[in-house]
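Asker: Numbering of the sequence shown is given in this note's numbering, commencing with residue 70 and proceeding in unit increments. Here's a structure for you.
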Amino acid sequence: MPYFAGIDLGTSSVKCFIADQTGQKISAHHVDYDVAVPQQGYAEQDPLTWWSATRSAISGALKKGNLSGEKIKAVGLSGQMHGTVLLGRKGNVLRPAILHCDGRAQVEVGQLSEWLGDSLFQSLYNPLFSGSQPPSVFWVKKHEPQLFEKITCILLPKDYIRYCLTGEIGTEITDASASLFYDIRHGEWSRQLLQLLGLSQHQFPQVSLPYDQAGVISQTAAAQTGLAAGTPVVFGAGDQAAQLLGNGVLNPGTATSNIGTSGQICTPSFGPVWNPKGNTNTFAHADKGMFYVMGAMLSAGLSLKWFTGQVLRDTNYRELDEQAAKLPVSAKGPVFLPYLCGERTPHLDASAKGVFFGLGLEHSYLHMYRAVMEGVVFALKDSMEILEALHLPIHTVVASGGGANSKLWLQIQADILGHEIRTTSSSEQAALGAVILAATGSGFYADLSQACEQMVHPGTAYALPDPERVCIYQELYQTYRALYPELKELY
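What follows is the structure, given as structure tokens:
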């Protein structure tokens, strides 16, 4: 029986997920690491730490599955998006990677946007933000000029791991389009940005398809991981494109509602979607020629983690869910704005703050706990309404991320979003997406559609909207929507 490995490089950990040709999990192992914050607003990680953790994750998964490296027929990757990895002439890492959640380059975002204006926005199909590659590289040019002169290659996070596995430099379309150095309109690295920043095409990798073979496991990587030398490695995909695959979402009309540390509503489209307000993202889908449109919030599961850890000092989520589920839904609130780290969709406001509104003596910590969960889904509904206004109707919603493991959160999603909420049998959707790419790229399946049909399976958990609660939440949502405009000037 053939086995495939998916490596998912996250912001807090890396996971190696091994599955068979049906998508059935054989084994998995993850290794945690931290985000360094050398100054307020900074977020960095050492790529060498990623590689060390990846080696341990792979060897750990093989050991747990009692597998030899020869059993793995192909390897795929998924990874955190947008981050900046800078390599020197010998392939050496020049500095810690600047992550997607790094806020140091706000000034550079403003300067680049002012200098290049609407023409840049229209070619990228996305607004620049601090933590994306162009402003991060611009910051390095201004603040670390000697290091900037040594840059020979600019990579994305998961592409560095693949380089360590194979010795080959490259990237693929899903991550390239999300780097914001890539001109989606013309299908090439942005000549405008490169010229402005004093960069050349030679400093950027060739762009391939996610399921194309990128190389094979090198002798060095084999000795360090336990994988067999010569094992094919496909390019992989950014984590959002990978989780769409892992949820079997290939066609318009279906969306994923992802509640992880951050939160996203994503739905496929047949082409790039222009949003003049710039409060959504359009990136390439893993399926050739397809795209997906995404609304993103910054503090989804993070909001609940903050409330349970810092306020309640109780992280028994199962017990809290059971107790909070017994509370009646009330249009009087309380209401929570989950803007603990600012917000992206729809406000694009780094200064926005979290708020509890409508608290009274009748409310307990359980009301507040539930309000946090509801506030996160209200933010996702904000994104869904924008996608639908962009002529992307959504008929089916698949829940993913840690939020899909909570029956209460699934029901709240059904009642607020007004759709049946489905799940898949795997709780590791991005890693499964990497496995699907490996199985397709190695020729075991003819295309991604066939691979998803065979490897993605319905989950047993689901939730149907309750008509009475839907009406109550519609009223509460109007209160939620009214709060930000009233509070904006006070942030």
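Note that CB positions come from ideal geometry on N, CA and C, so glycine has one too. From a predicted model like this one, the values you see are computed outputs, not experimental measurements.
V162 by DSSP, collapsed to three states: which one?
Answerer: Numbered from 1 along the sequence shown, position 93 holds the residue referred to as residue 162. Correct three-state label for V162: strand.
Asker: Pairs of beta-carbons, one from the region 215-225 and one from the region 275-282, closer than 8 Å: are there three or more?
Answerer: no
Asker: At 3 residues or longer, and completely inside the region 394-442: list those beta strand (DSSP E) runs for me, N to C.
Answerer: 404-406, 424-426
Asker: Between the Cα of Y523 and those of A88, G75, A74, T80, spot the shortest distance and give me the residue it belongs to.
Answerer: Within the sequence shown, numbered from 1, the residue matching residue 523 stands at position 454. According to the sequence as given, residue 523 is Gln; it is not Tyr. It is A88.
Asker: Report the rounded CA-to-CA distance for H169 versus V209, giving the unit in angstroms.
Answerer: Here residue 169 corresponds to residue number 100 of the sequence shown, with the count starting at 1. Here residue 209 corresponds to residue number 140 of the sequence shown, with the count starting at 1. Near 15 Å, if we compare the C-alpha coordinates of V209 and H169.
Asker: Within a Cβ cutoff of 8 Å, which residues of the same chain sit near L456, ignoring the five residues on either side of it in sequence?
Answerer: Mapped onto the sequence shown, residue 456 falls at position 387. If you ignore the 5 residues before and after L456, its C-beta comes within less than 8 Å of the C-beta of A324, I334, T336, T349, V362, G364, I463, all in its own chain and listed in chain order.
Asker: Can the beta-carbon of I95 be found closer than 9 Å to that of I127?
Answerer: Residue mapping note: residue 95 aligns to position 26 of the sequence shown, counting from 1. Residue mapping note: residue 127 aligns to position 58 of the sequence shown, counting from 1. No; because the gap between Cβ atoms is not below 9 Å, this pair is not in contact.
Asker: Find out if the Cβ-Cβ distance for the pair N327, Q309 is shorter than 9 Å.
Answerer: To locate residue 327, count along the sequence shown from 1; it is residue 258. To locate residue 309, count along the sequence shown from 1; it is residue 240. Yes.
Asker: State the start and end residues of the unbroken alpha helix (DSSP H) segment that holds C540.
Answerer: For the purposes of this step, residue 540 is taken as the residue at position 471 of the sequence shown. Run containing C540: 536-556, per the alpha helix (DSSP H) assignment.
Asker: Please work out which residues of its chain come closer than 6 Å, Cβ to Cβ, to F425, disregarding the five sequence neighbours upstream and downstream, and give them in chain order.
Answerer: Residue mapping note: residue 425 aligns to position 356 of the sequence shown, counting from 1. Result list for F425: P403, F405, in chain order.
Asker: Going by beta-carbon coordinates alone, are G315 and V445 separated by less than 9 Å?
Answerer: Position 246 of the sequence shown, counted from the first residue, corresponds to residue 315. Position 376 of the sequence shown, counted from the first residue, corresponds to residue 445. In this structure, V445 does not lie closer than 9 Å to G315 by Cβ.
Asker: Please state the DSSP three-state secondary structure of R491.
Answerer: In the sequence shown, counting from the first residue as 1, residue 491 sits at position 422. Looking at R491 - three-state DSSP - the assignment turns out to be strand.
Asker: Residue range of the alpha helix (DSSP H) that A468 falls in?
Answerer: Here residue 468 is taken as the residue at index 399 of the sequence shown, counted from 1. Per DSSP, A468 belongs to no alpha helix (DSSP H); it is in the beta strand (DSSP E), 465-469.
Asker: Run through DSSP, which three-state label would T351 get?
Answerer: To locate residue 351, count along the sequence shown from 1; it is residue 282. Strand, per DSSP.
Asker: For N569, count neighbouring Cβ atoms within 10 angstroms of its own Cβ and tell me buried if that reaches 16, exposed if not.
Answerer: In the structure displayed, the chain extends from 70 to 560; residue 569 sits before or after that span and is not available.
Asker: Using 10 angstroms around the beta-carbon of M70, count the other beta-carbons present and answer buried if the total reaches 16, otherwise exposed.
Answerer: Counted from its first residue, the sequence shown places residue 70 at position 1. Under this definition M70 is an exposed residue.
Asker: Quick check on the DSSP output: the beta strand (DSSP E) that includes V285 runs from which residue to which?
Answerer: Taking the first residue of the sequence shown as position 1, residue 285 is located at position 216. Note, V285: beta strand (DSSP E), 282-285.
Asker: DSSP puts Q114 in a beta bridge; with which residues?
Answerer: Position 45 of the sequence shown, counted from the start, is the residue given in the question as residue 114. In the DSSP output, where bridge partners are listed per residue, Q114 has A166.
Asker: Could you work out which residue in S269, I253, I230, Y72 is closest to S287 when comparing CA atoms only?
Answerer: Stepping through the sequence shown from its first residue, residue 287 is reached at position 218. Of S269, I253, I230, Y72, the residue nearest in Cα terms is I230.
Asker: Q90 by DSSP, collapsed to three states: which one?
Answerer: Looking up residue 90 in the sequence shown gives position 21. Three-state result, Q90: coil.
Asker: Just checking: is the beta-carbon of D252 within a distance shorter than 9 Å of some beta-carbon in chain C?
Answerer: The structure shown contains no chain C; it is built from a single protein chain.
Asker: Please classify H98: does DSSP put it in a helix, a strand, or coil?
Answerer: Position 29 of the sequence shown, counting from 1, holds the residue named residue 98. Reduced to three states, the DSSP call for H98 is strand.
Asker: Less than 9 Å between the C-beta atoms of S269 and L263, yes or no?
Answerer: Residue numbering aside, residue 269 sits at position 200 when the sequence shown is read from its first letter. Residue numbering aside, residue 263 sits at position 194 when the sequence shown is read from its first letter. Taking 9 Å as the Cβ cut-off, S269 and L263 qualify as a contacting pair.
Asker: Which residue's Cα is closest to the Cα of G358: G470, V342, D228?
Answerer: Counting from 1 along the sequence shown, the entry for residue 358 is found at position 289. Considering only alpha carbons, the answer is V342.
Asker: Can you check whether the CB of Y111 is closer than 9 Å to the CB of G172?
Answerer: Walking along the sequence shown from the start, residue 172 turns up at place 103. Walking along the sequence shown from the start, residue 111 turns up at place 42. Yes. Within cutoff.
Asker: I believe L117 touches V162 by the beta-carbon criterion, under 8 Å. Please report the beta-carbon distance rounded to the nearest angstrom.
Answerer: Numbered from 1 along the sequence shown, position 48 holds the residue referred to as residue 117. Numbered from 1 along the sequence shown, position 93 holds the residue referred to as residue 162. The C-beta distance from L117 to V162 rounds to 6 Å, short enough to fall under 8 Å.
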